[in-house]
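This report refers to the structure that appears directly beneath it.
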């Protein structure tokens, strides 16, 4: 499309009639896209530019008289802030462990669900439910019903193994958050991997069986390579969402104890709505966006490779 | 386990025969399997089934527990060991509505349904412009949309808050709906696009040859054919909007607060009202759980932006 229209665009403006028609036609093609595009630009790109602007301003909503151009001072302060560095580390730990645990569990469950057994669809329905539960509700549920040191289900379930009165959310805050998030995200990973398993060609599996490959060899040499793309997609999409984790941090640990579970989204939220440090919050936001662009580039490459295959098909 | 059976029982592989003559135990095992292949395959299947059910029960248990606790009296909800046998009561659910749950529910409903409607109205033509009648540089636009979904929401919350405050739309349900619309647009555009690309080309060309205008083509041919896809997209957008917490807690306070914000009112109670919290959480989670169960066939497609069928 781009190739066929570019010669027309290269022609001098205001020439013959056909070219004007082309312009008109172009706007006709753009028409259906515009409303969505305009709304998206207004609500995401303009605020983003404002964030960049704020990040160079010295501004606190509680002290409006002190505002002014600050240069890179906010960035310097953010990078020098131990809490920010802690938040970066926490974000990496939280995202990496949750993604890793949930993808491993998700693959295992997907392989299990790929087998035929009685009531398989009911089991699948039950297994996807944690992903559907409102994250805020799930967070409160885990905080009060699962992690409670006195009557929590987790301690009760672990009591036969000698675990006693553990106050999960304050003794093992990061573990608790990761545990809860893994519970929530395993179904997501499972669904995508399962879609991959069910889309693999039966002929190839049949061929492997004829060649005398056992189930493990078949999985490792035939199924797994075919699944790779799906696993990559699950990991990358999962990472994009899990990096943004906010609800359980806000509701279970409030970023604590101390700063033990403060991740970047919660850090920025605190700087914005608790300290009203607009400049610093904006600088931290810009840094997060730049970091996300790096990750998102990888993500887009994977998505687009899937999407090119779809076009070839 | 089951996949091995045909190889050892019916298919006569020379190596397994050799082994069988040399090792008596393997021989016995093979004969047993040969005699009762059906039984073995059934046992294997039952074992897998049992494993599946056990794991499903363990992972589903917190949800079940939430539901059960909502049916308890406060005293039964926080006991050590947990109470499993009790007379169910709807007292907690009544108590929540006495605590003015209804306005929050209404706000959530308006924000979710309103934004979902808007998303579909905006995303369908956009997806059309990015697939069937592609705009110049359609690929860039497509990736632009998805990049907005990958952008951390925290990075734009501050200006959104300040701008909304300045023009007086803070704590406003229309504002929240618009934010949710933009949040879900990329997913919807990608997903609807994948449905449009699946339409049989012949039908669309026939319509063009018959001189159908865009409006007619859309109403008579495209929309009816992708209606199930639109429904699936709508359900997924509803799920994301209903569950959203970050924008709701940042941009609303009293008038436009949604159900997740209502739930934060339980944060300070430190489990004292566990039964009531469970009832509220059940009410909050139920619509999406039901929607998700119904739409599970399309869930993957929505979650992977239409990249995986």
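Chains as they are written, first to last, in the UniProt record's numbering: chain R, 1 to 313; chain Z, 1 to 309. In this text, a Cβ means the ideal position worked out from N, Cα and C, and glycines have one as well. All values reported here derive from a predicted model rather than from experimental measurement.
According to the DSSP assignment, residue 103 of chain Z belongs to the alpha helix (DSSP H) that extends over 101 to 129.
By the Cβ rule, the segment 107 to 117 of chain Z counts as touching the segment 228 to 242 of chain Z, because three or more pairs are nearer than 8 Å. Annotation: the continuous alpha helix (DSSP H) that includes residue 194 of chain Z extends over 173 to 197.
A straight line joining the alpha-carbon of residue 214 of chain R with that of residue 44 of chain Z spans about 15 Å. The C-beta of residue 30 of chain R comes closer than 7 Å to at least one C-beta of chain Z.
The beta carbon of residue 153 of chain R sits closer than 8 Å to those of 145 and 146, all from its chain and outside the five residues before and after it, given in chain order. By the Cβ criterion, the segment 131 to 144 of chain Z is in contact with the segment 20 to 38 of chain R, since at least three pairs of Cβ atoms, one from each stretch, lie closer than 8 Å. Non-local C-beta neighbours of residue 101 of chain Z in its own chain, meaning closer than 6 Å and more than five positions away in sequence, are absent.
The shortest C-alpha to C-alpha distance from residue 177 of chain R to any of R:66, R:262 and R:291 is the one to R:262. The C-alpha of residue 306 of chain Z lies about 23 Å from the C-alpha of residue 44 of chain R.
The Cβ atoms of residue 176 of chain Z and residue 256 of chain Z sit closer than 7 Å to each other. Annotation: the continuous alpha helix (DSSP H) that includes residue 140 of chain R extends over 135 to 141. Residue environment: residue 193 of chain Z is assigned as buried (16 or more neighbouring CB atoms within 10 Å of its CB, all protein chains considered). For residue 183 of chain R, the uninterrupted alpha helix (DSSP H) segment begins and ends at 173 to 199. At a cut-off of 7 Å between beta carbons, residue 225 of chain Z makes no contact with chain R. When 7 Å is used as the limit between beta carbons, residue 243 of chain Z is near these residues of chain R: 134 and 135, in chain order. In the DSSP annotation of this structure, the continuous segment of the alpha helix (DSSP H) that includes residue 234 of chain Z starts and ends at 223 to 243. Shown here, residue 68 of chain R sits in a strand according to DSSP, grouped into three states. The C-alpha of residue 58 of chain R lies about 28 Å from the C-alpha of residue 243 of chain R.
Burial state of residue 49 of chain R is exposed, judged by a 10 Å Cβ sphere holding fewer than 16 other Cβ atoms.
Distance from the CA atom of residue 170 of chain Z to the CA atom of residue 275 of chain Z, rounded to whole angstroms, is 33 Å. The C-alpha of residue 199 of chain Z is placed about 41 Å away from the C-alpha of residue 164 of chain Z. Flagged as an interface residue toward chain Z: residue 48 of chain R, by a C-beta distance shorter than 7 Å.
Selection R:101, R:111, R:27 and R:56 evaluated against residue 223 of chain R yields R:111 as nearest (Cα-Cα). No Cβ-Cβ contact shorter than 7 Å links residue 129 of chain R with residue 288 of chain Z. For residue 185 of chain Z, the closest alpha carbon among the candidates Z:124, Z:202, Z:81 and Z:79 is that of Z:124. Taking 7 Å as the threshold, the shortest C-beta distance from residue 65 of chain Z to chain R falls below it.
The contact set of residue 285 of chain R on chain Z, defined by CB atoms closer than 9 Å, consists of 152, 154, 155, 156, 157 and 158 in chain order. Going by C-alpha positions, residue 161 of chain Z is about 42 Å away from residue 220 of chain Z.
Residue 57 of chain R sits in a strand when the DSSP states are folded into three classes. In the three-state reduction of the DSSP assignment, residue 164 of chain R falls in the coil class. Residue Z:233 holds the alpha-carbon nearest to the alpha-carbon of residue 188 of chain Z among Z:227, Z:168, Z:217 and Z:233. Taking 7 Å as the cut-off, the beta carbon of residue 247 of chain R is found no closer than this to the beta carbon of residue 108 of chain R.
Note on geometry: alpha-carbon atoms of residue 135 of chain R and residue 245 of chain Z lie some 8 Å from one another.
Note on geometry: alpha-carbon atoms of residue 206 of chain Z and residue 192 of chain R lie some 36 Å from one another. Judged by DSSP secondary structure, residue 98 of chain Z falls within the alpha helix (DSSP H) whose first and last residues are 91 to 98.
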